[in-house]
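Data block below; observations after.
Residue numbers (the numbering used here): 2 to 125.
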């Protein structure tokens, strides 16, 4: 399986990061493009502003957030961005870069799950 790593954009890049992909809708505050060292910014793969706002009002909604987010990733620009992310991950190590503080309670675990499932299917 291709390696998928998650790092906060505020942490220094590592030599084994592979392709670094920013998966946030907004550019991280106070971080230059040089410091972020991202190869691609797939902002469309992040949850919509409406979904993100809805979820942030009550973090206990995570299971429903995850379900709604997966639905968003099935359509339009979000689906295209996810396809691009899957393509990148199929080519070698990928690091998902984000500015969120609570990675486990964010959209990132959903993306990791989708990438890992795709890798398992390719390995069959």
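Idealized CB from N, CA, C, for every residue including glycine.
Outcome for residue i when other beta-carbon atoms lying within 10 angstroms are tallied against a minimum of 16
{"i": "residue 1", "result": "The structure shown does not extend to residue 1, since the chain is modelled only from 2 through 125, so no value can be given for it."}
{"i": "residue 107", "result": "buried"}
{"i": "residue 89", "result": "buried"}
{"i": "residue 2", "result": "Interpretation of residue 2 is limited by its pLDDT of 44, a score under 50 that renders its predicted location unreliable; the figure taken from the coordinates is listed afterwards. Exposed, because fewer than 16 other Cβ atoms sit within 10 Å of the Cβ of residue 2."}
{"i": "residue 19", "result": "buried"}
{"i": "residue 47", "result": "buried"}
{"i": "residue 105", "result": "exposed"}
{"i": "residue 76", "result": "exposed"}
{"i": "residue 74", "result": "buried"}
Of the listed residues the options, nearest to residue i (C-alpha basis)
{"i": "residue 1", "options": "102, 93, 123 and 87", "result": "The question about residue 1 has no answer, for the chain in this structure spans 2 to 125."}
{"i": "residue 120", "options": "95, 104 and 100", "result": "95"}
{"i": "residue 24", "options": "93, 123 and 101", "result": "101"}
{"i": "residue 49", "options": "39, 66 and 93", "result": "66"}
{"i": "residue 11", "options": "41, 33, 75 and 45", "result": "33"}
Beta carbon of residue i nearer than 8 Å to that of residue j
{"i": "residue 98", "j": "residue 21", "result": "yes"}
{"i": "residue 43", "j": "residue 80", "result": "no"}
{"i": "residue 111", "j": "residue 71", "result": "yes"}
{"i": "residue 91", "j": "residue 123", "result": "yes"}
{"i": "residue 14", "j": "residue 38", "result": "yes"}
{"i": "residue 52", "j": "residue 69", "result": "yes"}
In DSSP terms, what residue i is bridged to
{"i": "residue 9", "result": "99"}
{"i": "residue 22", "result": "41 and 97"}
beta-carbon residue i near the ligand NAP non-hydrogen atom, thresh 7 Å
{"i": "residue 104", "result": "This structure does not include the ligand NAP; it has no bound ligands of any sort."}
Mind pulling the alpha helix (DSSP H) runs of 4 or more residues that sit fully within the segment 29–105? Listed in chain order, they are 34–37, 50–57, 63–73 and 77–91.
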